[in-house]
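*Asks:* So the sequence shown is numbered by my numbering: it starts at 1436 and just counts up by one. A virtual CB, placed ideally from N, CA and C, is assigned to each residue, including glycine. Since the model is a prediction, treat every value here as computed from it, not as a measurement. The structure follows.
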Amino acid sequence: MVPGTLPVPPLCITLQWSRRDGHTINLPWSLLVKGNTILLGPGQKVQGRCRPLQVNHLWLSSKAGTPLHTTQHLLLETPYITNLSTLMAEALNRLVTVFNKQRHYLFTWAIETVILPVVVTDPLDDPFEDAEL
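Listed below in structure tokens is the structure:
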């Protein structure tokens, strides 16, 4: 299949042309793994650290020339793992919002006034045992 022949993907999914088992396929970036060969076009954003497989370009002049072609690069890391690690490291560094304060207050109030009295009371003690009819 020739790159660029598929319909335009939704903007929420980042697709990357990749070589697997001798075939060129279009994968979501979250399915890329370390060691994949990806095809990068000029100006294309890279999802993770990679290195070119063929280094034969000199970037010395700013003269007009022929358009650049797609080049093969080897992924040095799994992009999904890197993003997940970053998210987990920054998870507790978020700012406290009004919503979070109110949520904390509501759960604290619910535990103190509803759940705790039910748990602390003795289930064998019948409060109506001594009541006279």
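For glutamine 1451, list the residues DSSP reports as bridge partners.
*Replies:* Leu1462
*Asks:* Let me know the secondary structure DSSP gives histidine 1539 once reduced to three states.
*Replies:* helix
*Asks:* Considering only DSSP beta bridges, list what arginine 1486 is partnered with.
*Replies:* According to DSSP, which records beta bridges pairwise, arginine 1486 is partnered with Leu1509.
*Asks:* Once you ignore the five residues that flank isoleucine 1460 on each side, which residues in its own chain have a CB closer than 7 angstroms to its CB?
*Replies:* Excluding positions up to five away in sequence, the list reads Ser1453.
*Asks:* Quick one, which of Arg1455, Glu1547 and Ser1465 has its alpha-carbon nearest isoleucine 1448's?
*Replies:* It is Ser1465 whose Cα lies nearest to the Cα of isoleucine 1448.
*Asks:* Just curious, the alpha helix (DSSP H) that isoleucine 1473 is in, first and last residue?
*Replies:* That residue, isoleucine 1473, is in no alpha helix (DSSP H); its beta strand (DSSP E) goes 1472 to 1475.
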